[in-house]
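Number of protein chains: 2
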Amino acid sequence: MTGLLTDLYQLTMAAGYYESGKHEERSVFELFFRRLPHNRNYVIAAGLAQAVEYLVQLRFTRAETDYLRTLPQFHNVSAGFFDELLRFRFSGDVYAIAEGTPVFPGEPLLTIRAPLLQAQLVETWLLAMIGFQSLVATKAARICEVAGARGVVEFGTRRAHSPEAGLFAARAAYIGGCAGTSNTEAGFRFGIPVFGTAAHSWVQSFPTEREAYEALQRMLGPETVYLIDTYDTIAGANLAASLGRPLWGVRLDSGNLVELAHQVRRILDDAGLRDAKIMATSDLNEYKILEYLAAGAPIDAFGVGTDLATSADAPAIGAVYKLVELGDGDGKRYTTKLSEGKHTMPGMKQVFRYRDHDQIACSSECGDPASSVALVRPVINRGELVEPLPDVDAARKNAQECLRRLPLACRSLFETEEKYPVEYSAELRRVSDRVLAGLNQEVAT
Amino acid sequence: MTGLLTDLYQLTMAAGYYESGKHEERSVFELFFRRLPHNRNYVIAAGLAQAVEYLVQLRFTRAETDYLRTLPQFHNVSAGFFDELLRFRFSGDVYAIAEGTPVFPGEPLLTIRAPLLQAQLVETWLLAMIGFQSLVATKAARICEVAGARGVVEFGTRRAHSPEAGLFAARAAYIGGCAGTSNTEAGFRFGIPVFGTAAHSWVQSFPTEREAYEALQRMLGPETVYLIDTYDTIAGANLAASLGRPLWGVRLDSGNLVELAHQVRRILDDAGLRDAKIMATSDLNEYKILEYLAAGAPIDAFGVGTDLATSADAPAIGAVYKLVELGDGDGKRYTTKLSEGKHTMPGMKQVFRYRDHDQIACSSECGDPASSVALVRPVINRGELVEPLPDVDAARKNAQECLRRLPLACRSLFETEEKYPVEYSAELRRVSDRVLAGLNQEVAT
Numbered sequence: 008m009t010g011l012l013t014d015l016y017q018l019t020m021a022a023g024y025y026e027s028g029k030h031e032e033r034s035v036f037e038l039f040f041r042r043l044p045h046n047r048n049y050v051i052a053a054g055l056a057q058a059v060e061y062l063v064q065l066r067f068t069r070a071e072t073d074y075l076r077t078l079p080q081f082h083n084v085s086a087g088f089f090d091e092l093l094r095f096r097f098s099g100d101v102y103a104i105a106e107g108t109p110v111f112p113g114e115p116l117l118t119i120r121a122p123l124l125q126a127q128l129v130e131t132w133l134l135a136m137i138g139f140q141s142l143v144a145t146k147a148a149r150i151c152e153v154a155g156a157r158g159v160v161e162f163g164t165r166r167a168h169s170p171e172a173g174l175f176a177a178r179a180a181y182i183g184g185c186a187g188t189s190n191t192e193a194g195f196r197f198g199i200p201v202f203g204t205a206a207h208s209w210v211q212s213f214p215t216e217r218e219a220y221e222a223l224q225r226m227l228g229p230e231t232v233y234l235i236d237t238y239d240t241i242a243g244a245n246l247a248a249s250l251g252r253p254l255w256g257v258r259l260d261s262g263n264l265v266e267l268a269h270q271v272r273r274i275l276d277d278a279g280l281r282d283a284k285i286m287a288t289s290d291l292n293e294y295k296i297l298e299y300l301a302a303g304a305p306i307d308a309f310g311v312g313t314d315l316a317t318s319a320d321a322p323a324i325g326a327v328y329k330l331v332e333l334g335d336g337d338g339k340r341y342t343t344k345l346s347e348g349k350h351t352m353p354g355m356k357q358v359f360r361y362r363d364h365d366q367i368a369c370s371s372e373c374g375d376p377a378s379s380v381a382l383v384r385p386v387i388n389r390g391e392l393v394e395p396l397p398d399v400d401a402a403r404k405n406a407q408e409c410l411r412r413l414p415l416a417c418r419s420l421f422e423t424e425e426k427y428p429v430e431y432s433a434e435l436r437r438v439s440d441r442v443l444a445g446l447n448q449e450v451a452t
Numbered sequence: 008m009t010g011l012l013t014d015l016y017q018l019t020m021a022a023g024y025y026e027s028g029k030h031e032e033r034s035v036f037e038l039f040f041r042r043l044p045h046n047r048n049y050v051i052a053a054g055l056a057q058a059v060e061y062l063v064q065l066r067f068t069r070a071e072t073d074y075l076r077t078l079p080q081f082h083n084v085s086a087g088f089f090d091e092l093l094r095f096r097f098s099g100d101v102y103a104i105a106e107g108t109p110v111f112p113g114e115p116l117l118t119i120r121a122p123l124l125q126a127q128l129v130e131t132w133l134l135a136m137i138g139f140q141s142l143v144a145t146k147a148a149r150i151c152e153v154a155g156a157r158g159v160v161e162f163g164t165r166r167a168h169s170p171e172a173g174l175f176a177a178r179a180a181y182i183g184g185c186a187g188t189s190n191t192e193a194g195f196r197f198g199i200p201v202f203g204t205a206a207h208s209w210v211q212s213f214p215t216e217r218e219a220y221e222a223l224q225r226m227l228g229p230e231t232v233y234l235i236d237t238y239d240t241i242a243g244a245n246l247a248a249s250l251g252r253p254l255w256g257v258r259l260d261s262g263n264l265v266e267l268a269h270q271v272r273r274i275l276d277d278a279g280l281r282d283a284k285i286m287a288t289s290d291l292n293e294y295k296i297l298e299y300l301a302a303g304a305p306i307d308a309f310g311v312g313t314d315l316a317t318s319a320d321a322p323a324i325g326a327v328y329k330l331v332e333l334g335d336g337d338g339k340r341y342t343t344k345l346s347e348g349k350h351t352m353p354g355m356k357q358v359f360r361y362r363d364h365d366q367i368a369c370s371s372e373c374g375d376p377a378s379s380v381a382l383v384r385p386v387i388n389r390g391e392l393v394e395p396l397p398d399v400d401a402a403r404k405n406a407q408e409c410l411r412r413l414p415l416a417c418r419s420l421f422e423t424e425e426k427y428p429v430e431y432s433a434e435l436r437r438v439s440d441r442v443l444a445g446l447n448q449e450v451a452t
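Protein sequence lines correspond, in order, to chains G and C. With the numbering used here applied, the first sequence has no gaps in its numbers, which climb one by one up to 452 at the end. With the numbering used here applied, the second sequence has no gaps in its numbers, which climb one by one up to 452 at the end.
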């Protein structure tokens with residue numbers, strides 16, 4: 008993993024820390040979001056596995072440091088800094104909330120305790136990976152909530168923000184509850200179930216629709232899904248019905264899905280294919296699925312692409328990565344910023360999850376182990392993985408179990424008046440007040 | 008580049024083409040979008056360089072084909088298909104519209120003429136890369152249009168849909184008109200100017216704001232940009248002013264940017280720093296910049312992140328990749344689909360750009376060379392690059408020149424009633440009518 012895939016200011020700051028002799032100072036940064044995205048009442052944490060891989064593998068090459076030396080920002084920087092980059096190995100500690108866990112504003116999804124130079128450099132990459140996967144996992148959870156027992160498959164790679172984004176969208180969507188993905192690399196690399204049969208071009212490529220269907224059935228047998236809308240959906244359904252078993256079912260990809268699903272269901276049933284399923288695709292999202300199911304559309308499975316892989320109604324999460332502590336022992340200092348609307352709570356934190364609320368506390372506090380769980384757990388210790396991370400299936404199961412325990416209102420598709428209760432501990436509030444008082448005094452003088 | 012980073016159905020169709028003996032049939036696919044995204048009156052084509060790299064480098068490994076063999080969809084597929092994948096080398100022709108060119112619905116940004124198996128497999132990757140970069144280049148063009156002579160720098164990697172998306176967002180934003188990016192890898196890999204100085208954590212990491220500013224100025228000299236809102240913007244501005252030259256200027260990142268810019272301008276001017284500049288950041292986009300500048304805010308440069316790197320108000324473009332021709336010589340067949348709302352025009356196309364309108368024609372037609380330019384140009388011939396592609400600077404220049412020639416209304420931030428005129432040639436309409444008549448007859452029988 009290249010160290011240059013970061014904002015330039017991380018590198019100029021790293022150089023500045025080096026020049027100021029501060030680069031090895033122990034620092035703590037926390038990654039969290041300030042506000043819930045549009046219409047969300049929770050966010051599903053995801054992307055930790057890639058974050059850990061990145062931290063462990065991060066390196067700089069000579070060609071990269073040579074490039075930096077050409078930039079005017081580095082003309083006054085001493086050679087030792089570039090040697091420091093060439094020797095870069097992440098040697099810090101990482102704490103995190105497990106993938107699949109619903110989280111709320113202010114809760115640290117990831118905590119990095121490391122020499123200042125290291126912890127600073129990795130901000131950009133971590134925010135992009137964890138922010139994006141968390142957005143998509145959340146979107147998937149919403150879609151699956153509405154779809155209920157009907158399977159939802161992630162089909163969005165073609166509309167993702169670059170092919171790599173499609174790969175990570177597939178991973179996050181699975182964690183959020185999807186049954187699988189069309190992204191084959193996600194199946195190969197992460198062991199996620201993959202789905203897919205044929206597109207319109209398949210039908211078009213044969214002289215007749217019948218020949219296209221027959222060739223598909225010969226190859227796929229019971230996995231066969233006919234895409235029936237290339238020319239005329241009802242004619243396509245009749246053709247599919249006439250071919251009989253083996254088949255999984257048919258796919259609708261255009262037109263009024265509610266009406267068509269009813270008509271197609273009748274055609275299949277009349278042909279004795281009661282076990283043949285109907286899958287719907289075509290610019291779906293949780294809102295449309297809610298509407299179609301409320302209208303009684305006999306749809307058995309959904310393929311969701313664009314809106315899922317881009318989290319289209321909330322395409323960004325305001326995730327931030329903030330310095331909350333600096334120094335060690337007696338030299339330890341809590342840090343914050345006062346910027347309007349962007350104030351942050353100082354100090355390294357823990358999140359205690361109780362049955363009906365969360366408490367954000369100082370990392371040194373002990374919650375009540377009988378009634379609460381500490382969500383922020385060690386992941387990397389002095390550069391070494393503490394234990395293998397849970398795989399995607401475990402993360403997916405974690406999401407399902409956690410979501411079941413959330414209040415129903417919290418799982419609404421729409422913003423609820425009553426927020427999930429998250430409180431600060433008395434100790435954390437004391438620390439924050441103390442830091443603020445000190446800063447305000449300084450600003451005033 | 009791995010061949011598995013695609014939808015599974017591309018691979019099942021590829022297998023089906025192989026089994027049906029159609030995999031070497033000559034096919035033509037076109038990549039285009041059906042409708043303009045929200046509030047857009049044009050789209051800037053981008054991503055071609057990565058598309059070409061992908062096509063030339065695409066390979067399959069034994070581990071990948073072994074994985075495919077484990078999937079139920081491939082149980083009936085003969086071994087020869089997997090050998091075909093292991094031998095995969097793109098051997099087709101590619102035509103494209105140059106990066107930076109404004110394009111309109113129905114115009115083929117990319118045309119692939121290749122054996123059916125090859126052309127089918129690459130759909131997903133090409134759509135994701137070209138769709139995304141075109142979205143961001145378009146967003147950048149809108150932002151730069153509003154900012155006028157003031158520089159706009161792309162700062163969005165942290166909010167992009169994965170770090171790699173951030174890299175390509177930086178590239179596309181530069182093509183669309185940005186002065187540069189904070190993404191250092193984009194500077195290293197594509198030669199894009201990079202910018203960035205320091206974040207709040209820099210200020211927080213020093214015992215006092217003054218020490219932070221002094222250390223920055225020592226390192227950066229005339230490149231120094233003070234981020235002045237960590238604790239109190241006005242106090243920060245006074246501190247910056249007191250340190251005097253060398254500096255580039257200051258950055259505002261929170262609060263009411265119009266009021267603060269006026270106050271800070273006065274503080275800098277009063278200190279004799281009339282040449283010190285004010286940069287603004289903080290969840291900006293073209294709409295906010297329009298408002299701030301209309302309110303007379305003395306801002307000299309903008310850093311735009313989240314909304315640019317995610318094209319937040321239009322996070323997806325309905326780009327599609329459609330089979331339009333199949334076969335060769337006498338066996339050549341034009342193809343289309345009739346799906347409701349998703350009809351496509353058959354046959355390989357050319358786009359002639361006249362002074363005040365575009366004409367989409369059959370690829371065999373000749374436009375009027377005196378009054379029009381043929382936009383769709385050969386890029387790859389039989390798997391080989393025809394000539395080196397223009398670099399990002401040439402693409403950026405192309406965008407600037409083309410945008411200048413667009414009608415003012417077309418460059419509005421908002422959807423205009425009057426669309427840019429794009430017509431079909433008489434010949435293309437004849438071809439389409441003929442194909443539709445044939446299909447309708449077939450569906451009717």
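Just so it is clear, CB atoms sit at the ideal spot from N, CA and C, and this is done for glycine as well.
Per DSSP, the bridge partner or partners of residue i
{"i": "Glu391/G", "result": "Asn388/G"}
{"i": "Cys369/C", "result": "Lys356/C"}
{"i": "Leu363/G", "result": "Going by the sequence as given, residue 363/G is Asp instead of Leu. According to DSSP, Asp363/G bridges with nothing at all."}
{"i": "Arg66/G", "result": "Thr9/G"}
{"i": "Asp14/C", "result": "Asn190/G"}
Helix, strand or coil at residue i [DSSP, three-state]
{"i": "Lys349/C", "result": "coil"}
{"i": "Cys409/G", "result": "helix"}
{"i": "Pro305/C", "result": "coil"}
{"i": "Glu404/G", "result": "The question names Glu, but residue 404/G in the sequence shown is Lys. Correct three-state label for Lys404/G: helix."}
{"i": "Met8/G", "result": "coil"}
{"i": "Glu91/G", "result": "helix"}
{"i": "Tyr427/G", "result": "coil"}
{"i": "Glu32/G", "result": "coil"}
{"i": "Val160/C", "result": "strand"}
CA-to-CA distance, residue j to residue i, given in whole angstroms
{"i": "Cys409/G", "j": "Ala105/G", "result": "11 Å"}
{"i": "Ala268/C", "j": "Ala219/C", "result": "22 Å"}
{"i": "Thr317/C", "j": "Glu171/G", "result": "15 Å"}
{"i": "Leu227/G", "j": "Asn83/C", "result": "7 Å"}
{"i": "Phe359/C", "j": "Lys349/C", "result": "24 Å"}
{"i": "Ala401/G", "j": "Gly184/G", "result": "11 Å"}
{"i": "Asp14/G", "j": "Phe139/C", "result": "20 Å"}
{"i": "Ser371/C", "j": "Gly354/C", "result": "10 Å"}
{"i": "Val59/G", "j": "Phe88/C", "result": "37 Å"}
{"i": "Thr342/G", "j": "Arg436/G", "result": "14 Å"}
Residue j beta carbon less than 9 Å from that of residue i
{"i": "Phe197/G", "j": "Ala177/G", "result": "yes"}
{"i": "Ala304/G", "j": "Ala278/G", "result": "no"}
{"i": "Leu55/C", "j": "Ala86/C", "result": "no"}
{"i": "Val35/G", "j": "Val110/G", "result": "no"}
{"i": "Gln127/G", "j": "Ala283/G", "result": "no"}
{"i": "Leu18/C", "j": "Gln80/C", "result": "yes"}
{"i": "Gly203/G", "j": "Phe175/G", "result": "no"}
{"i": "Pro44/G", "j": "Ala321/G", "result": "yes"}
Contacts around residue i, its chain only, beta-carbon distance under 8 Å, and the 5 residues preceding and following it disregarded
{"i": "Phe309/C", "result": "Ile150, Ala154, Arg157, Gly158, Val159, Val160, Met286, Ala287, Thr288, Leu291, Ile296"}
{"i": "Glu216/G", "result": "Val210, Thr237, Tyr238, Ala242, Gly243, Leu246"}
{"i": "Gly108/G", "result": "Looking at the sequence provided, one finds Thr at residue 108/G rather than Gly. These residues qualify, in order along the chain: Ile51, Ala52, Leu382, Asn405, Ala406, Cys409."}
{"i": "Phe97/G", "result": "Leu62, Val63, Leu65, Ala121, Gln125, Val129, Ile387, Gly390"}
Same chain only: Cβ atoms within 6 Å of residue i, ignoring 5 sequence neighbours per side
{"i": "Pro414/G", "result": "none"}
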